[in-house]
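Contents: one structure, followed by commentary.
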Amino acid sequence: MDLQLRKILETESISASAPCRIDMGGTLDISSFHYPLAYVNPCTFNIAMSMRTRVTISPFQKGWVKISSKGFESAAYPLDQVPFHHPMGLMFAIAAFFRLGGIHIQIESASPPRSALGGSSVAAVALTAAFNHLLKKLGAPIIPDDRIAHLAHGIEESVAGVPCGFQDQLAAVYGGVNAWFWKGAGSTQPYLRHSLAGARISANLSEHLLVAYCGMPHESKNINGIWVKRFIAGQSREHWVDIARCTSAFVEAFAASDIAAAVAQLNRETDIRVEMTPDVLDATGHQLIGSARDHHCGARFTGAGGGGCVWALGDMDKISILKPAWERILADTPSAGLLDMSVDLKGLQIDTV
């Protein structure tokens, strides 16, 4: 297979890309939460962004795996010795699962590093799909397309050492605007997808949104770890019930294109999380959210917060006024700025180079 693999990669590089996301109701996609909260029908809302992560596989030294990604030092190891505790350990773990050596994995992301937009999980989805496409070229058994998100999530959880959410992988595969209802292993499908692309607001959704990068690298494991530890210990559970209900109410308001009601629920959910864990917002995040509320918009940090990105929702006229206000706030922080907020409807894509 090594010779056949090299011949394929010498004639065409295998490439896959997928979108990152902004969200509300995150953490509920972690099994530690959605099983005991099943009685309130927990869901997570997300919007796929056109800022995509692309993974390309090309030939490399026989039996070795090399990974290159902007913001990280390139690393190469023999396939049987790839480390899973490495900064790119998830990518190495996926390579180990597919057992294909002699490859160079190159990762290019349009989103800032560690921006709390789900980038590492998106890269995992893209790499899983690229490997799967390569197996197809080799005539080997492949993973069914509808299992790619499941496999990428399973491998991530196996090496992370902590429970991991599922929303990032699903947004990466399907794209669009969705609410994901978490059903767990007791159902034939562990989640139900409710597409909101048909809502009237979705027709010009980008004009109702702003996304800002606060300029601070994000580390979701710390805050998620705190939330998981407290929840398992029986603490703050009433807050998570409120978060689940806020998210469901937000989804209903969004589906009805009731922006005022959606804004109220978005702000309420943010307040609950800040009350539980003040560190979810840095100084820039506090300013951005305060400014959004002053302009009668809703705003929330992405992912588990602690730096990274903040997104806002509001009427188009209010968002257009909020935009320069946010730009003034972000001008004081190096590397901070507004991001392109175009909705991605394509999801996971495979191509050859």
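Counting from 854, one number per residue, gives the positions in the sequence shown under my numbering. All C-beta atoms, glycine included, are put in the ideal place defined by N, C-alpha and C.
Contact under 7 Å by Cβ, residue i with residue j
{"i": "Trp1033", "j": "Thr880", "result": "no"}
{"i": "Ser974", "j": "Val1196", "result": "no"}
{"i": "Ile1172", "j": "His1061", "result": "yes"}
{"i": "Ile920", "j": "Ala983", "result": "no"}
{"i": "Gln1042", "j": "Asp882", "result": "no"}
{"i": "Ala1097", "j": "Pro895", "result": "yes"}
{"i": "Gly1160", "j": "Asp1135", "result": "yes"}
{"i": "Pro966", "j": "Gly924", "result": "yes"}
{"i": "Ala948", "j": "Ile960", "result": "no"}
{"i": "Lys989", "j": "Ile996", "result": "no"}
{"i": "Met904", "j": "Ser866", "result": "no"}
{"i": "Leu943", "j": "Glu1009", "result": "yes"}
Span of the beta strand (DSSP E) around residue i
{"i": "Asn1031", "result": "Val1030 to Trp1035"}
{"i": "Ser962", "result": "Ile956 to Ser962"}
{"i": "Phe925", "result": "It is not in any beta strand (DSSP E) - Phe925 carries neither H nor E in the DSSP assignment."}
{"i": "His986", "result": "His986 -> not in any beta strand (DSSP E); alpha helix (DSSP H) instead, spanning Gly972 to Leu991."}
Sequence-distant residues of the same chain with beta carbon closer than 7 Å to residue i, five excluded per side
{"i": "Phe937", "result": "Phe945, Ala946 and Val1012"}
{"i": "Ala1106", "result": "Ala1114, Ala1115 and Gln1118"}
{"i": "Phe913", "result": "Lys919, Gly955, Ile956 and His957"}
{"i": "Gln934", "result": "none"}
{"i": "Gly1018", "result": "Gly879, Thr880, Asp882 and Ile883"}
Residue i beta carbon near the ligand SAH (any heavy atom closer than 6 Å)
{"i": "Ser964", "result": "Because no ligand of any kind appears in the structure shown, any question about the ligand SAH cannot be addressed here."}
Anticipated Cβ contact below 8 Å, residue i with residue j, distance rounded
{"i": "Ile900", "j": "Val1030", "result": "5 Å"}
{"i": "Cys1067", "j": "Cys1162", "result": "7 Å"}
{"i": "Asp1132", "j": "Ile1076", "result": "7 Å"}
{"i": "Thr981", "j": "Leu1004", "result": "6 Å"}
{"i": "Ala1002", "j": "Leu1023", "result": "5 Å"}
{"i": "Tyr1027", "j": "Trp1035", "result": "Their Cβ separation, rounded to whole angstroms, is 15 Å, which puts Tyr1027 and Trp1035 out of contact at 8 Å."}
{"i": "Leu1183", "j": "Ala1189", "result": "4 Å"}
{"i": "Gly1167", "j": "Phe1154", "result": "With a Cβ gap of about 16 Å, Gly1167 and Phe1154 do not count as contacting."}
Identity of the residue in the options nearest residue i by Cα
{"i": "Val918", "options": "Leu932, Asn1120 and Ala1025", "result": "Leu932"}
{"i": "Ala1109", "options": "Gln959, Ala1050, Pro966 and Lys923", "result": "Ala1050"}
{"i": "Gly1151", "options": "Asp1124, Asn1120 and Gly1160", "result": "Asn1120"}
{"i": "Leu1063", "options": "Asn894, Glu863, Trp1164 and Arg905", "result": "Trp1164"}
{"i": "Met902", "options": "Cys896, Phe913, Pro1187 and Asp876", "result": "Asp876"}
{"i": "Ser922", "options": "Ser870, Met941, Tyr930 and Gly916", "result": "Met941"}
{"i": "Pro1016", "options": "Gly1007, Ala1086 and Ile960", "result": "Gly1007"}
{"i": "Met1169", "options": "Ser884, His1148, Thr1155 and His887", "result": "His1148"}
{"i": "Arg1000", "options": "Ala979, Ala1052, Leu1198 and Gly992", "result": "Ala979"}
{"i": "Val893", "options": "Arg874, Arg1090 and Phe951", "result": "Arg1090"}
{"i": "Thr864", "options": "Ser962, Lys915, Leu987 and Gly916", "result": "Leu987"}
{"i": "Arg1229", "options": "Ala993, Lys915, Gly878 and Glu1180", "result": "Residue 1229 lies beyond the range of the chain shown here (854 to 1206); nothing can be said about it."}
{"i": "His887", "options": "Ile1085, Ile995, His1047 and Ile960", "result": "Ile1085"}
{"i": "Gly1087", "options": "Leu890, Ala1189, Ala948 and Ser870", "result": "Leu890"}
{"i": "Ala1145", "options": "Ala1157, Glu1180, Ile861 and Ala993", "result": "Glu1180"}
{"i": "Phe951", "options": "Gly1037, Leu1201 and Asp855", "result": "Asp855"}
{"i": "Gly1078", "options": "Ala928, Ala1157 and Ala929", "result": "Ala1157"}
{"i": "Ser1222", "options": "Gly1018, Val1104 and His1092", "result": "A query on residue 1222 cannot be resolved here, the shown segment of the chain reaching from 854 to 1206 and no further."}
{"i": "Gln1212", "options": "Ala1178, Arg874 and Glu1122", "result": "In the structure as shown, the chain starts at 854 and stops at 1206, and residue 1212 therefore has no counterpart that could be examined."}
8 Å CB neighbourhood of residue i in its chain, flanking five on each side removed
{"i": "Ser868", "result": "Arg907, Val908, Thr909, Ile910, Ala983, Ile1203, Asp1204, Thr1205 and Val1206"}
{"i": "Val1127", "result": "Val1133 and Leu1134"}
{"i": "Leu991", "result": "Met854, Gln857, Leu858 and Ile861"}
Limits of the unbroken alpha helix (DSSP H) element including residue i
{"i": "Thr1100", "result": "Arg1090 to Ala1108"}
{"i": "Met1194", "result": "Per DSSP, Met1194 belongs to no alpha helix (DSSP H) and is neither H nor E."}
{"i": "Glu1128", "result": "Ile1112 to Met1129"}
{"i": "Leu862", "result": "Asp855 to Thr864"}
{"i": "Thr909", "result": "Counting along the chain, Thr909 falls outside any alpha helix (DSSP H), though it belongs to the beta strand (DSSP E) covering Cys896 to Pro912."}
{"i": "Gly1138", "result": "Ala1136 to Asp1147"}
{"i": "Gly1007", "result": "Ile1001 to Ala1013"}
Cutoff 6 Å; reference residue i; Cβ partners in own chain excluding five residues on either side
{"i": "Leu1192", "result": "Val1064 and Tyr1066"}
{"i": "His1092", "result": "Ile1125 and Met1129"}
{"i": "Ala928", "result": "Ile920"}
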